[in-house]
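A short worksheet on the structure shown next.
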Amino acid sequence: MTNSIGEIEDAGCIFVIGSNTTACHPLIARRIFRAKEKRAKLIVADPRNIQLSRYADVAVNHRLGSDVALLNGMMHLIIKNKWHATDYIATRTEDFDKLAEGVAAYTPERVSAIAEVTIGDLERMAELYATHSPAALLYAMGITQHVTGVDNVKSCCNLAMLTGNVGIASAGVNPLRGQNNVQGACDMGGLPNVLTGYQPVSDPKVIEKFSKAWGVSLSQRPGLTITDMVQAMLDGSLKGLVVIGENPKLSDPDWNHLHHALKELDFLVVQDLFLSETAQVADVVLSAASLAEKDGTFTNSERRCMRIHQAIAPIGDCLSDWEIICRLSTAMGYEMKYESPEDIFDELASLTEASYGGMTYERLGIDGLQWPCPDLNHPGTLYLHKDTFKRGLGKFHAIEYQHPAEMPDESYPFFLTTGRMFAHFHTGTMTRISPSLDIEQRTGYVEINPKDAESLDIQEGDIVILSSRRGEMEAPARISEDVKPGNLFLPIHFGENPTNVLTSAEAFDPLAKIPEFKVSAVKVKKLVEGRPDVDVVC
Amino acid sequence: MECKFVPSVCSYCGTGCGVLFEVVNGKIKKTLPMKSHPVNQGKLCIKGWNLHEHVNSFMRLKSPLIRENGRLQKATWNEAIQITADNLKKISDTYGPDSIGVLVSAKMTNEENYLAQKFTRAVIGTNNVDHCARL
Chain S
1 MTNSIGEIED
11 AGCIFVIGSN
21 TTACHPLIAR
31 RIFRAKEKRA
41 KLIVADPRNI
51 QLSRYADVAV
61 NHRLGSDVAL
71 LNGMMHLIIK
81 NKWHATDYIA
91 TRTEDFDKLA
101 EGVAAYTPER
111 VSAIAEVTIG
121 DLERMAELYA
131 THSPAALLYA
141 MGITQHVTGV
151 DNVKSCCNLA
161 MLTGNVGIAS
171 AGVNPLRGQN
181 NVQGACDMGG
191 LPNVLTGYQP
201 VSDPKVIEKF
211 SKAWGVSLSQ
221 RPGLTITDMV
231 QAMLDGSLKG
241 LVVIGENPKL
251 SDPDWNHLHH
261 ALKELDFLVV
271 QDLFLSETAQ
281 VADVVLSAAS
291 LAEKDGTFTN
301 SERRCMRIHQ
311 AIAPIGDCLS
321 DWEIICRLST
331 AMGYEMKYES
341 PEDIFDELAS
351 LTEASYGGMT
361 YERLGIDGLQ
371 WPCPDLNHPG
381 TLYLHKDTFK
391 RGLGKFHAIE
401 YQHPAEMPDE
411 SYPFFLTTGR
421 MFAHFHTGTM
431 TRISPSLDIE
441 QRTGYVEINP
451 KDAESLDIQE
461 GDIVILSSRR
471 GEMEAPARIS
481 EDVKPGNLFL
491 PIHFGENPTN
501 VLTSAEAFDP
511 LAKIPEFKVS
521 AVKVKKLVEG
531 RPDVDVVC
Chain W
1001 MECKFVPSVC
1011 SYCGTGCGVL
1021 FEVVNGKIKK
1031 TLPMKSHPVN
1041 QGKLCIKGWN
1051 LHEHVNSFMR
1061 LKSPLIRENG
1071 RLQKATWNEA
1081 IQITADNLKK
1091 ISDTYGPDSI
1101 GVLVSAKMTN
1111 EENYLAQKFT
1121 RAVIGTNNVD
1131 HCARL
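From first to last, the protein sequence lines stand for chains S and W.
Per the numbering used here: the first sequence = residues 1 to 538.
Per the numbering used here: the second sequence = residues 1001 to 1135.
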């Protein structure tokens, strides 16, 4: 997030696109409601009717994967009505002309046809967002999990810069992170091309600094992303895999593809709290301690690094992940020895000067500190890009709309999208064994519009078979106006109804390598028990 | 009876709500919202209120496991660590360090993520490290 969670309350307008905030980030949604109480305008764009839609000043269900067209359409109208921030554009940005030229072709008529949104709604979205500064844009995986994920994000940035909404309080471009320490995992260099604080492995100075600190010479060749690793397992070039606290068998975009890939490995080790679907096929499983059994820090969506404290001794014969890694390193001949997580933190802060350099456990206290926090007297940073962008001028990108990798056709006539529901988290390894959460939702389901249910003779709770070009799965039907006719929704939490049997490993953003979980084409039929699918001719 | 409240951060999404674990005689009984916390200001969602349940679950792994004769069997830490180290070294010696990949976790702490990528880069010797931010 460029801005902070607390700032949302004081926004003049909040634009939520591709985030089911009340279900997935309820305590951020609370700030949206607080802002509404203070008379903020709320715009919601989502292919489904989410809970927030009901409270919006304007809510649209744009067609799955049409985000770039929708955002370009808003910008077209903003420029046409001269609502854009001319002074801001002149002093803080570049390539405005390219953007203006690019969005000129996205007339309301054309956008309305692509995104299935009325011209009236589009006009109202553009006006509300552009004329109620500060305007905060909030998004989540609904923007990023597309073949055009990077284009979608750039379009959000274009819109925010066009209206002068980056670098001021209560505005900004705010991706809401799905996991508690996604931000931290990225900040700490859990990526194939960067070390801590996004220092690139291709920069000889960076490699020199870390090689010296760690006492070994490091590789400058960027590594494989998770998407590339699966391919490398299949072609036999990746032989060993270490999985720490992840369950890729459920979260990977293509279950069949990954299932085969894992079989090709010579050695798989999984470090986890539970015997997850992935751990079940491992050669070695290392029992890890939970967050309540260790000290450390997490960094949330708003870049706030916060302490966690050990509450209880490890349950059973478990070790903290950091202790496991130290023991494994030492066994492999590289002695790794730390007295405590605080020792590790001091080392990482000293190598991540620009963002974590000024942080110590003592300074973090209860509230934590928001990076960048470069020195010991720095108070942390509420919002980014205040007087200047990191690169100097903010750059506009003219983005053209492209179709998703798969559109419905005669064989696969339905759009399928995936997401979360309020009681569960990710692949469900933690929430489904939690009795108070499990009782809220015990099984997977597929949401289908009443019109489609009627035409396919599907009643509430009937088992339906969904199939895509990749595979086939079953789930009970939930008839709901939340999805448009022609659209289906599947939650991702339920291993026995795995959504990734249907989604595609081949459809991913070429730059970010993020899979297109949000759009697939499928067909639906009702499971009829006791009768074979194919009529037998006697 | 000993009762204490230990501050932590909820791990069920990226919001980062401050929680207090209610610990009675060395066991976590409940999760409470931290009233003074800047993110959640004394509120929690249904997942946050029940954060302790996964910690206490009977489904938790209680020891390391090693696959023997096709089945996962209980092992000691020394055995599990040694087998893992030997196998990774063997693969690295035979096919080179780039034949190993590491998936780190958005659920681990910063310190653990830092060590995991240090392990990948400095010990194994490859940049094949990624996590599930995309998934």
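Glycine is no exception: its CB is placed at the ideal position from the N, C-alpha and C atoms.
query, result
"Contact between the stretch 1071-1086 of chain W and the stretch 280-297 of chain S: three or more CB pairs below 8 Å?", "yes"
"Residues of chain S with CB closer than 8 Å to the CB of R1071/W, please, in chain order.", "Chain S residues near R1071/W: none, gap ~11 Å exceeds 8 Å."
"Listed from N- to C-terminal order along the chain, which residues in the stretch 1100-1116 of chain W have their beta-carbon within a distance smaller than 9 Å of any beta-carbon of chain S?", "I1100, G1101, V1102, L1103, V1104, S1105, A1106, K1107, M1108, T1109, N1110, E1111, E1112, N1113, Y1114, L1115, A1116"
"Tell me which same chain residues have a C-beta within less than 6 Å of the C-beta of V536/S, skipping the five on either side of it?", "A caution first: V536/S carries a pLDDT of 44, below 50, which makes its placement in the model too unreliable to give a value."
"Identify, in the order they occur along the chain, each residue of the same chain with its Cβ nearer than 6 Å to the Cβ of L137/S, setting aside the five sequence neighbours on each side.", "F15, C156, A160, V173"
"Does the Cβ of F96/S have 16 or more other Cβ atoms within 10 Å, making it buried, or fewer, making it exposed?", "buried"
"Under a Cβ-count criterion, where at least 16 other Cβ atoms within 10 Å of its own Cβ denotes burial, should Q459/S be classed as buried or exposed?", "exposed"
"Whose Cβ in chain W lies nearer than 7 Å to the Cβ of A331/S?", "I1081, Q1082, A1085"
"Determine the burial state of T352/S: buried for a count of at least 16 other Cβ atoms within 10 Å of its Cβ, exposed for fewer.", "buried"
"My understanding is that I308/S touches V1023/W, with C-beta atoms under 8 Å, so please give their C-beta distance in whole angstroms.", "The pair is not a contact, with the Cβ atoms about 14 Å apart (cut-off 8 Å)."
"Just how far apart, CA to CA, sit S112/S and N377/S?", "52 Å"
"Any chance you could list the alpha helix (DSSP H) runs of at least 4 consecutive residues sitting entirely within the stretch 245-328 of chain S, in chain order?", "248-251, 255-264"
"Beta carbons nearer than 8 Å to chain S: which residues of the stretch 1007-1018 of chain W have them?", "P1007, S1008, V1009, C1010, S1011, Y1012, C1013, G1014, T1015, G1016, C1017, G1018"
"Shorter than 7 Å from the beta carbon of E1053/W to some beta carbon of chain S?", "yes"
"Flag this pair as touching only if the stretch 259-266 of chain S and the stretch 226-236 of chain S have three or more C-beta atom pairs under 8 Å; answer yes or no.", "yes"
"Does any residue of chain S bring its CB to less than 7 Å from the CB of M1001/W?", "no"
"Looking at G240/S and I1046/W, is the spacing between their C-beta atoms short of 7 Å?", "no"
"Counting only the same chain and skipping the five closest in sequence on each side, list residues whose C-beta sits under 8 Å from that of E293/S.", "Q310, A311, I312, A313, P314, I315, C318, S320"
"Who are the Cβ neighbours of H1037/W in its own chain at under 6 Å, not counting the five residues just before and after it?", "G1018"
"Tell me whether I458/S sits in a helix, a strand or coil according to DSSP, three-state version.", "coil"
"Residues in the same chain with beta-carbon distance under 7 Å from A354/S, minus the five sequence neighbours each way, listed in chain order, please.", "G197, P372, P374"
"Suppose you measure from the CA of K1090/W to the CA of T330/S; what does that come to, to the nearest Å?", "16 Å"
"Please name the residue or residues paired with I17/S in a DSSP beta bridge.", "A45/S, Y139/S"
"Between I479/S and L527/S, is the Cβ-Cβ spacing less than 7 Å?", "no"
"Quick check on K239/S - is its C-beta less than 7 Å from some C-beta in chain W?", "yes"
"Can you grab the Cα-Cα spacing for the pair P532/S / D254/S, in whole Å?", "In this predicted model, P532/S has a pLDDT of only 48, less than 50, meaning its place in the structure is not dependable enough to derive any value."
"So is C538/S buried or exposed if we call it buried at 16+ other beta carbons inside 10 Å?", "Caution is warranted here: a pLDDT of 41 is assigned to C538/S, below 50, making its placement in the model unreliable, and the coordinate value is therefore given only provisionally. So C538/S ends up on the exposed side."
"Just to confirm before moving on: does the CB-CB distance between V1009/W and F1021/W stay below 7 Å?", "no"
"Given a cut-off of 7 Å, decide if E447/S and D482/S are closer than it, judged by their beta-carbon atoms.", "yes"
"Which same chain residues, not among the five before or five after G495/S, have their C-beta less than 6 Å away from its C-beta?", "L250, E277"
"Start and end of the beta strand (DSSP E) containing F1005/W?", "1003-1009"
"Does chain S have any CB closer than 7 Å to the CB of V1024/W?", "no"
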